[in-house]
Amino acid sequence: MKQILLITFGTIAAVSIIVIGFTFTQVNEERLNLAADLQYRTRLLADSLSEAVEPSLARNSTTTLRRIVDRFADRERIVGLAVFNNRGVSLVASKEIPKRVIDNPDFVFEALNRGEAAGRFEKIEGVPLYLFVSPLFEKKSAVSGALVMVQSASHIDAAVADIWKQNIVRLLVQIFIFSAAVVLLIRWALYKILARFADSVKSARVSKTSKPHIGGPFFLKPLANEIAKMHLSLTQARFAASEEARMRLQKLESPWTAERLKEFVKAHLKNRKIFLAFNREPYTHQRIGTDLRVTSPAGGASTALEPVMEACGGLWFAHGSGNADRDTVDATDKIEVPPEHPSYTLKRLWLTEAEVKGFHRGFATEGLWPLCHIVHIRPIFRKEDWLMYRRVNAKYAKTILEEIKSVQEPIVLLQDYHFTLLSRMIKDNRPDAQVGFFLHVPWPSAESFSICPWRKEILDGMLGADVIGFNTQQSCNNFIETVGKEIESLVDFEQVSITRNDHTSYIRSFPVSITFANGHELDQPPPSKKTLERLGINTPYLGLGVERLDYIKGIPERFRAIEIFLETHPEFREKFTFLEISAPHRQGIKAYQEYRELVVQEAERINKKFATKRWKPIVLELIQYIHPELEHPLLPSLRG
Numbered sequence: 001m002k003q004i005l006l007i008t009f010g011t012i013a014a015v016s017i018i019v020i021g022f023t024f025t026q027v028n029e030e031r032l033n034l035a036a037d038l039q040y041r042t043r044l045l046a047d048s049l050s051e052a053v054e055p056s057l058a059r060n061s062t063t064t065l066r067r068i069v070d071r072f073a074d075r076e077r078i079v080g081l082a083v084f085n086n087r088g089v090s091l092v093a094s095k096e097i098p099k100r101v102i103d104n105p106d107f108v109f110e111a112l113n114r115g116e117a118a119g120r121f122e123k124i125e126g127v128p129l130y131l132f133v134s135p136l137f138e139k140k141s142a143v144s145g146a147l148v149m150v151q152s153a154s155h156i157d158a159a160v161a162d163i164w165k166q167n168i169v170r171l172l173v174q175i176f177i178f179s180a181a182v183v184l185l186i187r188w189a190l191y192k193i194l195a196r197f198a199d200s201v202k203s204a205r206v207s208k209t210s211k212p213h214i215g216g217p218f219f220l221k222p223l224a225n226e227i228a229k230m231h232l233s234l235t236q237a238r239f240a241a242s243e244e245a246r247m248r249l250q251k252l253e254s255p256w257t258a259e260r261l262k263e264f265v266k267a268h269l270k271n272r273k274i275f276l277a278f279n280r281e282p283y284t285h286q287r288i289g290t291d292l293r294v295t296s297p298a299g300g301a302s303t304a305l306e307p308v309m310e311a312c313g314g315l316w317f318a319h320g321s322g323n324a325d326r327d328t329v330d331a332t333d334k335i336e337v338p339p340e341h342p343s344y345t346l347k348r349l350w351l352t353e354a355e356v357k358g359f360h361r362g363f364a365t366e367g368l369w370p371l372c373h374i375v376h377i378r379p380i381f382r383k384e385d386w387l388m389y390r391r392v393n394a395k396y397a398k399t400i401l402e403e404i405k406s407v408q409e410p411i412v413l414l415q416d417y418h419f420t421l422l423s424r425m426i427k428d429n430r431p432d433a434q435v436g437f438f439l440h441v442p443w444p445s446a447e448s449f450s451i452c453p454w455r456k457e458i459l460d461g462m463l464g465a466d467v468i469g470f471n472t473q474q475s476c477n478n479f480i481e482t483v484g485k486e487i488e489s490l491v492d493f494e495q496v497s498i499t500r501n502d503h504t505s506y507i508r509s510f511p512v513s514i515t516f517a518n519g520h521e522l523d524q525p526p527p528s529k530k531t532l533e534r535l536g537i538n539t540p541y542l543g544l545g546v547e548r549l550d551y552i553k554g555i556p557e558r559f560r561a562i563e564i565f566l567e568t569h570p571e572f573r574e575k576f577t578f579l580e581i582s583a584p585h586r587q588g589i590k591a592y593q594e595y596r597e598l599v600v601q602e603a604e605r606i607n608k609k610f611a612t613k614r615w616k617p618i619v620l621e622l623i624q625y626i627h628p629e630l631e632h633p634l635l636p637s638l639r640g
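The opening residue of the sequence shown carries number 1 in the working numbering; numbering runs sequentially from there.
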């Protein structure tokens with residue numbers, strides 16, 4: 001694009017220089033022609049007047065001279081007339097003649113001395129004038145005086161200005177037409193050709209194996225041929241990788257790559273579509289000014305789930321929280337993601353501010369979150385939040401049921417503590433659906449969970465799933481114990497299952513993690529010196545912490561551990577720096593606002609205690625990050 005702009009502006013500049021040059025020549029020619037015409041007409045008029053003036057001047061009849069001057073003074077472009085004697089003294093003059101002509105008649109003396117007519121262009125009081133002197137003779141020999149005629153020359157400047165104006169307007173019109181032609185050429189010709197090239201490369205990159213059809217002008221044929229060959233090579237390579245992944249599927253020692261996961265789904269799920277519900281969307285569209293930005297929210301759950309959906313495809317249900325989310329979806333509230341290489345569909349649900357407040361910030365975040373983590377934050381349970389929690393779960397259930405109504409035995413994966421009621425709602429309406437529920441947070445002990453006023457409804461809702469997954473076996477044990485104490489059910493410890501109302505739910509532990517380089521080692525260069533200097537890091541030892549700014553992460557305790565380390569090992573002062581990268585999270589909730597202040601205060605306190613002019617032990621970066629940026633430990637800091 002930069003080169004196209006340079007060529008366009010260069011062409012416009014060259015054409016402008018040529019037009020200005022021709023205009024300058026045209027202006028000079030026009031000025032000379034108009035001046036010559038004015039001189040010619042003035043001489044003719046002066047010659048005719050001289051014949052009438054000479055007899056009166058010879059008789060020294062000033063009355064007759066006055067009458068002649070007044071009669072011709074206001075004709076055509078004549079500004080004024082005057083008659084001088086042979087001593088250069090004005091005898092009569094018209095009223096409008098410039099004072100300079102009467103008071104300083106130097107040009108009159110020159111004409112009288114030579115005995116020849118003369119003219120000159122002058123600007124008097126800002127007005128361009130042509131001064132013409134015609135000698136008057138007595139008996140065809142002796143000079144008896146002079147006739148002075150002052151003509152206006154402003155029409156010459158006006159004509160020149162009109163030429164400049166017309167040519168500049170013509171140039172601007174030409175520039176506009178040329179620019180429009182360039183834009184149309186790029187938009188409707190080159191852009192479409194390049195878009196086809198890009199689509200072909202993109203289809204090869206995202207596993208679309210259709211043969212590319214690339215047209216275009218002859219000079220792009222070599223590029224089109226190379227793209228077609230590259231497309232074929234990528235398709236063949238992907239097919240070979242798929243075959244290798246299928247052959248290694250049963251080998252436990254082989255890494256879990258995207259291809260292996262895809263083959264696993266193909267073998268066990270027979271390419272059935274996956275329907276996944278999660279509170280947080282994997283991609284958010286934010287409009288900042290006129291810019292539209294795509295961001296990924298911080299959090300381990302979405303970071304772990306997103307690569308699975310990329311590899312397997314399917315439909316992801318989530319609340320649209322971005323201020324530009326509505327502008328980017330289609331008529332069914334769907335959008336293909338990821339933006340770079342779409343491989344699955346995101347369906348956004350729209351929640352009101354009251355629903356977000358009660359469902360997410362209220363019951364889920366202020367109630368279930370601290371309850372499940374057993375932190376030193378008191379869980380808050382409000383009836384209005386619980387009612388909104390049920391309402392939003394029902395809204396998700398209605399949307400999911402609408403999407404799966406024509407799907408036989410759909411696979412529905414429900415995620416986390418936001419949707420503990422959703423499994424039952426779906427199972428009651430679609431008994432054939434295979435529902436899996438996974439809790440990404442710990443499950444507390446039965447005694448701890450018993451403080452929840454709606455514990456029975458939550459447990460019954462979760463038991464609507466066919467498989468209930470937790471991160472650890474301890475959470476599985478706690479859940480089974482909780483169900484046994486709270487609701488009527490049959491617990492099978494041998495099968496690790498719970499049966500309620502003739503429906504069996506299997507309880508399993510599935511340790512989940514984020515994808516790490518997709519099975520490949522990353523060869524990252526060391527952080528640049530400028531990056532470290534910008535962060536104020538110049539020590540040989542560096543510690544790194546990356547997480548959401550959440551009170552379950554123990555960030556202040558980590559800072560205090562660094563304080564103890566530096567107290568007991570003073571030799572590491574000015575040699576060790578700890579970089580903490582924390583993404584601001586749930587800042588609309590008071591507990592999180594207070595936690596943020598605590599983290600900042602602890603960092604400042606410890607830095608004040610140990611810092612020197614060139615070093616501080618803790619560098620705190622409160623920024624939003626996404627997982628790919630963390631492939632290099634210092635990349636998030638570059639975004640500042």
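Positions of the beta carbon are idealized from the N, C-alpha and C atoms, including for glycine.
Checklist entry - Roughly how far, in whole angstroms, is the beta-carbon of L351 from the beta-carbon of V392, given that I think they are within contact range, below 8 Å? => result 6 Å
Next on the checklist: In this structure, how does DSSP classify G436 when only helix, strand and coil are distinguished?
Outcome noted: strand
Checklist entry - Based on the DSSP secondary-structure assignment, which residues constitute the bridge partners of M149? => result L81, F132
Next on the checklist: Please report the straight-line C-alpha distance between G436 and E336, rounded to a whole angstrom.
Outcome noted: 24 Å
Checklist entry - Distance, Cα to Cα, E481 vs P444? => result 10 Å
Item to check | Supposed close pair E494, G545 - CB separation, criterion 8 Å | outcome: No, E494 and G545 are not in contact; Cβ-Cβ is about 42 Å, not under 8 Å.
Item to check | Pairwise C-alpha distance: A82 and V92 | outcome: 6 Å
Checklist entry - Contact between the region 259-266 and the region 294-304: three or more CB pairs below 8 Å? => result no
Checklist entry - Since T284 sits in a beta bridge, which residues does DSSP pair it with? => result T295
Checklist entry - Can at least three beta-carbon pairs, one atom from the region 1-19 and one from the region 124-139, be found at a separation below 8 Å? => result no
Checklist entry - Are A603 and L622 touching if we call contact CB-CB under 8 Å? => result no
Item to check | Continuous alpha helix (DSSP H) stretch holding V600: start and end | outcome: 590-610
Checklist entry - On the three-state DSSP scale, how would you describe G545? => result strand
Checklist entry - Which of helix, strand or coil does DSSP assign to K456? => result helix
Item to check | Own chain, CB closer than 8 Å to V496, minus 5 neighbours either side, in chain order | outcome: C476, I480, Y506, I507, R508
Checklist entry - K347 bridges to which residues according to DSSP? => result F317, K334
Checklist entry - Given 8 Å as the limit, is there contact between the region 359-371 and the region 381-401, that is, 3 or more CB pairs closer than that? => result yes
Item to check | Sub-8 Å separation of T284 and G322 beta-carbons | outcome: yes
Checklist entry - Where L401 and K427 are concerned, what is the direct C-alpha to C-alpha distance, given to the nearest angstrom? => result 10 Å
Next on the checklist: In whole angstroms, give me the CA-to-CA distance for V651 and K270.
Outcome noted: Here the chain has residues from 1 to 640 only, and residue 651 is not among them.
Checklist entry - So does the region 583-590 actually touch the region 530-540, counting three or more Cβ pairs closer than 8 Å? => result no
Checklist entry - Measuring CB to CB, does G461 end up less than 8 Å from L421? => result yes
Next on the checklist: With distance defined between alpha-carbon atoms, name the residue in C452, V375, E447, P55 nearest to K383.
Outcome noted: C452
Next on the checklist: Considering just the uninterrupted stretch of the beta strand (DSSP E) at Q415, what are its terminal residues?
Outcome noted: 411-415
Checklist entry - If you drop the 5 nearest sequence neighbours on each side, which residues of the same chain put their C-beta closer than 6 Å to that of A446? => result E481, T482, K485
Next on the checklist: Does S513 come out as helix, strand or coil in the three-state DSSP assignment?
Outcome noted: coil
Checklist entry - Between R59 and chain C, is there a C-beta pair that is closer than 8 Å? => result The structure shown contains no chain C; it holds only a single protein chain.
Next on the checklist: Using C-beta distances below 6 Å, list every residue in its chain close to S152, excluding the 5 sequence neighbours before and after it, in chain order.
Outcome noted: R77, V79
Item to check | C-beta contact flag for A311 and F278 at 8 Å | outcome: no
Item to check | For K95, the first and last residue of its enclosing alpha helix (DSSP H) | outcome: First-last for K95: undefined, no H or E at that position.
Item to check | E116 versus V143, P617, I97, residue with shortest Cα-Cα distance | outcome: V143
Next on the checklist: For L129, count the other beta carbons within 10 Å of its own beta carbon; 16 or more makes it buried, fewer makes it exposed. Which is it?
Outcome noted: buried
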